[in-house]
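Novice:
2 protein chains.
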Amino acid sequence: MAPVIASKSLTLSRDLPLDSGQALAGVQIAFETYGELAEDRSNAILICHALTGDQYVASNHPITGKPGWWERMVGPGKVVDTNRFHVICANVIGSCMGSTGPASNAADGQPYAMRFPVITIRDMVRGLVGLLDELGIERLHTVIGGSMGGMQALSLAANWPERAARVLAIATTARHSAQNIAFHEVGRQAIMADPNWRGGDYYGAETAPDAGLAVARMAAHITYLSEEGLTEKFGRNLQDRDKKSFGFDADFQVESYLRYQGSGFTQRFDANSYLYITRAMDYFDLAEEHGGKLANAFAGSRARFCVISFDSDWLYPTAQSRHIVHALNAAGAPVSFVELSAPFGHDSFLLDVPALDRVMKGFIDG
Amino acid sequence: MAPVIASKSLTLSRDLPLDSGQALAGVQIAFETYGELAEDRSNAILICHALTGDQYVASNHPITGKPGWWERMVGPGKVVDTNRFHVICANVIGSCMGSTGPASNAADGQPYAMRFPVITIRDMVRGLVGLLDELGIERLHTVIGGSMGGMQALSLAANWPERAARVLAIATTARHSAQNIAFHEVGRQAIMADPNWRGGDYYGAETAPDAGLAVARMAAHITYLSEEGLTEKFGRNLQDRDKKSFGFDADFQVESYLRYQGSGFTQRFDANSYLYITRAMDYFDLAEEHGGKLANAFAGSRARFCVISFDSDWLYPTAQSRHIVHALNAAGAPVSFVELSAPFGHDSFLLDVPALDRVMKGFIDG
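Below, the structure written as structure tokens:
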């Protein structure tokens, strides 16, 4: 992938302590903002991105040229109304769109590669809180996140309870299940099995572990869609042909689609970042961080919560959202919860689900 | 993997016509039998194996030394009672345990590799019917199969309706769904991305595409287990350690288990066979073969059917079994259907589910 210059970027003035016991110095955070910050700084909304997301929530991606990943939700007059709110979206540490990650240079002037410390979701949020400190934003109007973004929103609420008045967690979980870990492990093994991975030291080489990364993306992508959605979208339809080829071409549309998803992904994402971020997600267990009881995580919170799941999401099914809601109830935190019906599986939070817009708008404006 | 000498093997006396329009000459079928064939040849039961299965249904595997894959079901006094029945289990064509497949030599004395024709489930059954012809068995007492074995059982019932009196199809489907195809495509891409695959020409080379094959197996293996089963078996338990390593070792038991499954598999299976057999499964659509209507497939049948699904099987969920049952009903075929409750996911048919034993025994003896 090509090097990326983020449109906005700053270096945290303090070292970032990490859950591993290590620390990162000179941490760079790349971010985008949309809309004006009010004089009293009360209208800031932080949007946390998912595993392969980035800060370009409502502006064109500099590599792909595609519209922002949540443009349907964020913009003037939209659900997250940038005429009223100052929206911040930052690339998480460990990622590859301008924030410090394995492709960044370490103190010796060489890329960290696998010398980058293993980070956690809480470490990512430490980076985001560091950014808010630099920007002088003490308390967010709302923190919003879907999928891994939801983990960050929950982690912020649990560990920095004074930093957000509202917490909106969508299609997420308080802890990665064995099946979640298993799918990520397949992806990591696919990357590490690629000889071009070279133990992570492929920066500057002519080849990157694109083949392994593509396979990882393909496996993960299946988990983002529902069986019903795949059947509706592709079924057993053939791709550009009338009958089966009796060969190993992409006969079926679903094969062609997956290959396209896999190869497209390698243009914009770094394989080592994929390793580090999936590891952070697998390590995520908010209860474990708080004495083994999820309710404890929210004991100090005075935020209002909104938890949203989708009935076709089998990656983080509704039961995992319910688990969060029960803990919030036990902690006495105000929470509204809704399971939305949508056919798109986990990816529903990114797609056209009008009920999601209504619920989000109601919560943010409420 | 090491070359395998099957304990029993024969060469079909006739060329095998294939759905692709090609034909295979000198087809070898490796098989095992258990129990005596009655003088009137009325007591033969054919067991069809799954994707990575083989003929060693009730005897030790020659490579791994492990017990037969269905020893709990097949043997003297067991559900498939070899004191009463003559049980036949043959390696399907395209596989790698002695039947003709991509690792076999073509007419030029070199391994077929990717010159092996793409085969279908019906082609596999053609091979099995060819075996029955050679053995002089006109009509089976029962044909039994789970997963891909169930596809074969259904294909035999549909295309050779006079060859089996009873058809027992377990944890299977009449057609591969988009999601089924998608998971297989990930596996194939993992294999083909392995530089040691060499376009399939790795026979005799020092290295085989083991890394790619292991990733394929890992991805598939997740689909064989239920989320609930994985949680029960592994949860977030750590492997041989008290706390997370903050590294990329297999911290979690589920990671360690998957890696073990992946690497173990490469000892006994051929990567090209994995490509061909998954392709055959993805091509499987019994309705399409019969004018687009599944009931048509069974119109000529006079067999009795038993269809069994498992409530935790998300690879071939109960809805797919119901689809088969409805078609059998529409065709006027006698069928009993049961959805069994078991926590093990798709693999339930191989594991200790006493209710399965009872249903199978009742059907076979009935």
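Sequence order for the protein chains is V and H.
The first sequence begins at 1 in UniProt numbering and counts up one residue at a time.
The second sequence begins at 1 in UniProt numbering and counts up one residue at a time.
All C-beta atoms, glycine included, are put in the ideal place defined by N, C-alpha and C.
The structure presented is a predicted model; accordingly, all values stated were derived computationally and were not measured.
1) How many Å lie between Asn-329 (chain H) and Val-335 (chain H) at the Cα?
2) Under a Cβ-count criterion, where at least 16 other Cβ atoms within 10 Å of its own Cβ denotes burial, should Gly-291 (chain H) be classed as buried or exposed?
3) Whose C-alpha, out of H:Tyr-283, H:Met-218, H:Asp-240, H:Ser-226, is nearest the C-alpha of Gly-247 (chain V)?
4) So is Glu-185 (chain H) buried or exposed if we call it buried at 16+ other beta carbons inside 10 Å?
5) Hey, is Glu-32 (chain V) close to the ligand FMN, as in C-beta under 6 Å from one of its heavy atoms?
6) Just verifying my parser: in three-state terms, what is the DSSP assignment at Gln-28 (chain H)?
7) Going by DSSP, which residues form a beta bridge with Thr-11 (chain H)?
8) Taking the Cβ atom as the reference point for each residue, do Ile-277 (chain V) and Gly-94 (chain V) lie within a distance shorter than 7 Å?
9) Return the Cβ separation of Asp-285 (chain H) and Arg-175 (chain H) in integer angstroms, given the expectation that the two are a contact with Cβ distance under 8 Å.
10) For the alpha helix (DSSP H) that Thr-207 (chain V) lies in, which residues bound it at each end?
11) Leu-128 (chain H) and Cys-306 (chain H) - do their beta-carbons sit closer together than 7 Å?
12) Going along the chain, which unbroken runs of the alpha helix (DSSP H) with 4 or more residues stay wholly within the stretch 182 to 268 of chain V?
13) Does Ala-158 (chain V) come within less than 7 Å of chain H when only Cβ atoms are used?
14) Report the CB separation of Leu-230 (chain V) from Val-254 (chain V) in whole angstroms; it is logged as a contact under 8 Å.
15) Let's test the definition: count the other Cβ atoms within 10 Å of the Cβ of Ile-5 (chain V) and tell me whether it reaches 16, buried, or not, exposed.
16) Checking the sheet assignment: what are the DSSP bridge partners for Asp-285 (chain V)?
17) In chain H, what lies closer than 7 Å to Thr-318 (chain V) by C-beta?
18) Is any beta-carbon of chain V found at less than 7 Å from that of Gln-261 (chain H)?
19) Beta-carbon within less than 7 Å of Arg-115 (chain H)'s beta-carbon, same chain only, minus the 5 sequence neighbours each way: which residues are those?
20) Can you grab the Cα-Cα spacing for the pair Glu-162 (chain V) / Ala-44 (chain V), in whole Å?
21) Taking only three categories from DSSP, how would you classify residue 367 (chain H)?
22) Between residue 441 (chain H) and chain V, is the shortest Cβ-Cβ distance under 7 Å, so that the two count as touching?
23) Kindly say whether Met-218 (chain V), judged by its beta-carbon, lies nearer than 7 Å to any beta-carbon of chain H.
24) Taking the alpha carbon of Phe-366 (chain V) as the point to measure from, which residue in V:Arg-241, V:Ala-331, V:Ala-165, V:Thr-172 has its own alpha carbon closest?
25) Counting Cβ pairs closer than 8 Å, one from the stretch 146 to 160 of chain V and one from the stretch 142 to 158 of chain H, do we hit at least three?
26) Lys-361 (chain H) to His-49 (chain H), Cα distance in whole Å?
27) Out of H:Trp-197, H:Ser-59, H:Thr-64, H:Asn-91, which one is the CA nearest neighbour of Pro-76 (chain H)?
28) Report yes if the C-beta distance between Asp-357 (chain V) and Val-79 (chain V) is below 7 Å; otherwise report no.
29) For Ile-181 (chain V), would you say it is in contact with chain H, using Cβ-to-Cβ distances shorter than 7 Å as the test?
30) Chain H beta carbons: is any one of them nearer than 7 Å to that of Gln-189 (chain V)?
31) Check each candidate in V:Ala-355, V:Lys-233, V:Asp-251 and name the one with the smallest Cα separation from Arg-241 (chain V).
32) Identify whether Val-4 (chain V) lies in helix, strand or coil by the three-state DSSP scheme.
33) Keeping to the same chain, check which residues put their C-beta closer than 7 Å to that of Ala-287 (chain V); ignore five residues upstream and five downstream.
Specialist: Result, derived from the coordinates:
1) 7 Å
2) exposed
3) H:Tyr-283
4) buried
5) Among the components of this structure there are no ligands whatsoever, and the ligand FMN is therefore not found.
6) strand
7) H:Gln-28
8) yes
9) 4 Å
10) It is not in any alpha helix (DSSP H) - Thr-207 (chain V) carries neither H nor E in the DSSP assignment.
11) no
12) 210 to 224, 227 to 233, 253 to 266
13) no
14) 6 Å
15) Summary for Ile-5 (chain V): the model assigns pLDDT 48, below 50, so the residue's position carries little reliability; its value from the coordinates is reported in the next sentence. The residue is exposed, with fewer than 16 neighbouring Cβ atoms inside 10 Å.
16) V:Arg-175
17) None at all; the shortest Cβ gap to chain H is about 13 Å.
18) no
19) Ala-106
20) 14 Å
21) It is not possible to answer for residue 367 (chain H), since the shown part of chain H is limited to 1 through 366.
22) It is not possible to answer for residue 441 (chain H), since the shown part of chain H is limited to 1 through 366.
23) yes
24) According to the sequence displayed, residue 366 (chain V) carries Gly and not Phe. Among V:Arg-241, V:Ala-331, V:Ala-165, V:Thr-172, the Cα nearest to that of Gly-366 (chain V) belongs to V:Ala-165.
25) no
26) 19 Å
27) H:Ser-59
28) yes
29) yes
30) yes
31) V:Asp-251
32) Caution is warranted here: a pLDDT of 47 is assigned to Val-4 (chain V), below 50, making its placement in the model unreliable, and the coordinate value is therefore given only provisionally. DSSP places Val-4 (chain V) in coil when its eight states are reduced to three.
33) Ala-174, Arg-175, Lys-293, Leu-294, Ala-297
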